[in-house]
Amino acid sequence: MVCSDDVEEYDMSRYVALSYCWGGDQPNKLTQENHGLYKKKITWESLPRTIQDAAKTAQVLGFHYIWIDSMCIIQDSKEDKEAEISQMTKVYAHAALTVVNKRGDKVTEGFLHPRTLPSGTSSIQYRAKDGQTQRLTLSFADASKREESSAVNTRGWTLQEYLLSRRRLVIGTWSTEWLCRREVDGHRDGWGASYSYRSRAGLPSDHEGAGWAGKGPFGSKEAESVYSSSFINAAMFFSVNPRYPSGRLNEELVRDSWYAIIESYSWRSVTVSEDRILAMSGIAERFGNLIPGRYIAGIWENMMPASLFWMKRHMATDRPVEYRAPSWSWISIDGQVEHPITYDYLCEIFSIEYMLENAEALYGAVRSAALHIRGPAFSIEWRYTRQDGRQQEDKELQEDLSELRWFRDGSDDPQDPQLTVYLDAREQTTEWREVVLLAYGFSYYGSGFRHSDCIALTRVDQVEIDNKLRHRFRRLGVVHFGKTSPLPRVESWPVSSYYVI
1 MVCSDDVEEY DMSRYVALSY CWGGDQPNKL TQENHGLYKK KITWESLPRT IQDAAKTAQV
61 LGFHYIWIDS MCIIQDSKED KEAEISQMTK VYAHAALTVV NKRGDKVTEG FLHPRTLPSG
121 TSSIQYRAKD GQTQRLTLSF ADASKREESS AVNTRGWTLQ EYLLSRRRLV IGTWSTEWLC
181 RREVDGHRDG WGASYSYRSR AGLPSDHEGA GWAGKGPFGS KEAESVYSSS FINAAMFFSV
241 NPRYPSGRLN EELVRDSWYA IIESYSWRSV TVSEDRILAM SGIAERFGNL IPGRYIAGIW
301 ENMMPASLFW MKRHMATDRP VEYRAPSWSW ISIDGQVEHP ITYDYLCEIF SIEYMLENAE
361 ALYGAVRSAA LHIRGPAFSI EWRYTRQDGR QQEDKELQED LSELRWFRDG SDDPQDPQLT
421 VYLDAREQTT EWREVVLLAY GFSYYGSGFR HSDCIALTRV DQVEIDNKLR HRFRRLGVVH
481 FGKTSPLPRV ESWPVSSYYV I
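In structure tokens form, the structure reads like this:
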């Protein structure tokens, strides 16, 4: 093991990076205790199979150095982790290539094994026009899906490793693939035909190769289209390529790229809860070249208020016990989120105050954050409905987890406001409570049919702000309703301001 300050700069100009899944703890990872020993010697037998195979691959390709997270970051040092994570953008962007282990779920499994064909595969020989005998291999489409749903495509950290890398050597169970930002099609061997998609992002033709031409890092379970994948790859290309000014990308493309990344990333898993924001800090840093303004806990200030209206895509999970982001950020919850299209915004942002965990990590974790927002608001009563342990994982959304009531003009008889509620997370109590519906904007369906979109807020505490006692709120979820709701039109709601934490 060598440190960057132990060798000449030109010696480190060409190195390989590794993208893989740990699949559990690594007993021989770099620690403060073995750091000095590893600088002198690391026995080959002590290395897990995947790291051995990665080192062999780098050596065969003519490289002297390889960067591996478990061996290059002191795993029990918070200071070293923070320092190295802040350098992830450079590590993968500057690597000559990234070797991707798409074959194994654990670091102990390795990836340099004899290749076997998937079950259900048939091979036939045929004579080509030139008289040569060729072999055609046919397999079920499900085999391709299994390849794409490998563990490396489901982990949070590996998404930015994919997007930041200039070149990738992807070694899978049944194929090996070479991908480069400067090529449209790339190269793929093994069973299965190569696939490529031309950009539909409206870019000039010479930009169609700006990021592997739609070969996105999205697992088969993700609802990621070729269209948005092209957007992402084009945006990443412009963010790192000095030959093209970022101004040639329009705001809509950048916005859609960012939202697609969030949808893909939020579906993935991270072992450590606090890493949810850290594992995409490198992507955020690159997008900082395209989006002006501050980046706060996964949300760009310049994209507000649009970026505040995200919603949980699947069934709610428990809210994390430890604080990791304000409630108005998707980072604050677990699970996949999406950004519905909303128009005619009704709310406005007054101010945002926040404190970073590390003042030098501009794209890292926040210690606290408060949003001062103003818009039409209306109060109703709401309570969470427990499911008594029933499993409903197949259900897309979860409006059935809420019960709402509204008392019209002081009446003692509650009315059903006929709202659809999408919760961010499960709540700890089923008691009735007052909830503020902060009107956000409108969404339109077919023939001009309009829905009113709101963010649901619940009161948390009361603190002194600007020498006045003010209530602070947290976000519960999002709400929308149509013309069948008995609630007054949002245009008639009184305008109020709220501090949301």
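Once you know that position 183 of the sequence shown is 183 in full-length UniProt numbering, the rest is easy, because the numbers rise by one and skip nothing. Don't be surprised by glycine CBs; every beta carbon is placed ideally from N, CA and C. Source: prediction; values computed, not measured.
- Sorting Ala-297, Thr-317 and Asn-358 by C-alpha distance to the C-alpha of Trp-330 places Ala-297 at the top.
- According to DSSP, Ile-465 shares a beta bridge with Lys-468.
- With a 10 Å radius around the Cβ and a threshold of 16 neighbouring Cβ atoms, Ala-93 comes out buried.
- The criterion of a C-beta distance shorter than 8 Å is satisfied by Leu-169 and Trp-178.
- Residue pairing by DSSP puts Tyr-499 in a beta bridge opposite His-372 and Arg-472.
- Taking C-alpha positions only, Glu-491 is separated from Pro-376 by approximately 7 Å.
- The beta carbons of Trp-310 and His-339 sit closer together than 8 Å.
- Annotated three-state conformation of Ser-150 is coil, per DSSP.
- Here Ser-257 carries a helix assignment [DSSP, helix/strand/coil].
- The alpha carbon of Ser-332 has as its nearest neighbour, out of Leu-362, Ala-369 and Ala-306, the alpha carbon of Ala-369.
- In the structure shown, His-94 adopts helical secondary structure according to DSSP, grouped into three states.
- When secondary structure is reduced to three states using DSSP, Ser-264 falls in the helix class.
- By the Cβ rule, the stretch 71-84 does not count as touching the stretch 116-130, because fewer than three pairs are nearer than 8 Å.
- Annotation for Arg-135: Ser-123 and Gln-125 place their beta carbon closer than 6 Å to its own, counting only its chain and skipping 5 residues before and after.
- DSSP places Asn-101 in the strand class (E or B) of the three-state scheme.
- Check the Cα spacing between Leu-371 and each of Lys-102, Ile-349 and Arg-268: the tightest is with Ile-349.
- The C-alpha of Val-60 is placed about 46 Å away from the C-alpha of Thr-317.
- Judged by pairs of C-beta atoms under 8 Å, the stretch 475-490 touches the stretch 453-463, as three or more such pairs exist.
- Ranked by Cα distance from Lys-56, the first of Ser-70, Arg-470, His-35 and Gly-110 is Gly-110.
- Minimum Cα-Cα distance from Asp-416 among the listed residues Phe-378, Ala-361 and Pro-486 corresponds to Pro-486.
- Collapsing the DSSP output to three states places Gln-415 in a strand.
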